[in-house]
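Peer 1: If you scroll down you'll find the structure; I have some questions about it.
In full-length UniProt numbering, the protein residues as written are 1 to 279.
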């Protein structure tokens, strides 16, 4: 992935180099007390909730906070405190002076500094790649596909009309005289299950995968739009590729996950230098 333009600026490189020296030195010298207390109140948490959800109703956010489980609120406090710590450390390094960067950009830059410090020489072993593959196989599955035609029935009596049509169609009557106009296609060839779920709904796809290809008209099958009779021609189930076929992709993903983990740990270590208070 191409780095943001601001990361390629010479001034940013200079500041990051200085930051690495700063953090190396900070490992051997205690942080000063002044300025190392972070207070997170409900107003700050409400602001964070509004930012996360894109909502604007502060009173609703405060009510949501009051009803929030303790574990969820504790996580929100930790996230808000971490952002405040990153903001302060970024300002101390002068990152907030680059191109007039505001708080969010400064926090992002500070995370980048921590990531470079914590994961500059990071690598993953073959064993780690295999474990990541085993733990995340579903993410690499090739979606199944289906080839079929269907007749669509809408309205309050849709299912009854579909059942009546099915009885006739099983006697080899022509299909063209049955069904209503459908929003999308009447015939699909090698259509992926994700595409079908977007057009028909997940319930239709699950039912479709349970039908037998080449056995004539089947159904009725319900979708998000109504009822359908289905003429299933071919069905290809989802399949997970062998690790050897996608090893480079899995290795990149495993490295990214490991980098995220060490960055999270680095942010946590930074936050340990602060006293976090709630009120």
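No residue lacks a Cβ here, since even glycine has one placed at the ideal position from N, Cα and C. From a predicted model like this one, the values you see are computed outputs, not experimental measurements.
For residue 142 and residue 135, I'd like the C-alpha separation in whole angstroms.
Peer 2: Those two C-alpha atoms are separated by around 16 Å.
Peer 1: With distance defined between alpha-carbon atoms, name the residue in 82, 187 and 248 nearest to residue 230.
Peer 2: Nearest of 82, 187 and 248 to residue 230, Cα basis: 187.
Peer 1: Express the C-alpha separation of residue 145 and residue 58 in angstroms, rounding to a whole number.
Peer 2: Those two C-alpha atoms are separated by around 46 Å.
Peer 1: What residues in its chain sit with their C-beta under 6 Å from that of residue 237, if we drop five residues either side in the sequence?
Peer 2: Excluding positions up to five away in sequence, the list reads 144.
Peer 1: At the level of alpha carbons, what is the spacing between residue 31 and residue 273?
Peer 2: Bear in mind that a pLDDT of 47 at residue 31, under 50, signals an unreliable position, so the model cannot answer this.
Peer 1: Measure the C-alpha to C-alpha separation of residue 115 and residue 80 and round it to an integer number of angstroms.
Peer 2: Cα to Cα, residue 115 sits roughly 19 Å from residue 80.
Peer 1: Considering only C-alpha positions, which residue in the set 109, 140 and 107 is nearest to residue 245?
Peer 2: Ranking 109, 140 and 107 by Cα distance to residue 245 puts 140 first.
Peer 1: Would residue 258 and residue 124 be called neighbours here (beta carbons separated by less than 8 Å)?
Peer 2: Yes; because the gap between Cβ atoms is below 8 Å, this pair is in contact.
Peer 1: Assuming residue 201 and residue 224 are in contact, meaning their beta carbons sit under 8 Å apart, how far apart are those beta carbons, in whole angstroms?
Peer 2: Confirmed, about 4 Å.
Peer 1: Restricting to Cα atoms, I'd like to know which of 242, 232, 91 and 119 is closest to residue 109.
Peer 2: Per the Cα distances, 91.
Peer 1: Return the CA-CA distance between residue 73 and residue 118, expressed in angstroms with no decimal places.
Peer 2: Approximately 28 Å, taken between the alpha carbons.
Peer 1: Does the ligand SAM have a heavy atom nearer than 7 Å to the CB of residue 208?
Peer 2: Absence of the ligand SAM is noted for the structure shown, with no ligands found whatsoever.
Peer 1: Can you tell me whether residue 129 is buried or exposed? The criterion is at least 16 other CB atoms within 10 Å of its CB, across all chains shown.
Peer 2: It is buried - the Cβ of residue 129 has at least 16 other Cβ atoms within 10 Å.
Peer 1: For my contact list, residue 67 and residue 50 are in at a C-beta cut-off of 8 Å; report their separation, rounded to the angstrom.
Peer 2: Their Cβ separation, rounded to whole angstroms, is 16 Å, which puts residue 67 and residue 50 out of contact at 8 Å.
Peer 1: Tell me which residue opens and which closes the beta strand (DSSP E) that residue 51 is part of.
Peer 2: Counting along the chain, residue 51 falls outside any beta strand (DSSP E), though it belongs to the alpha helix (DSSP H) covering 42–53.
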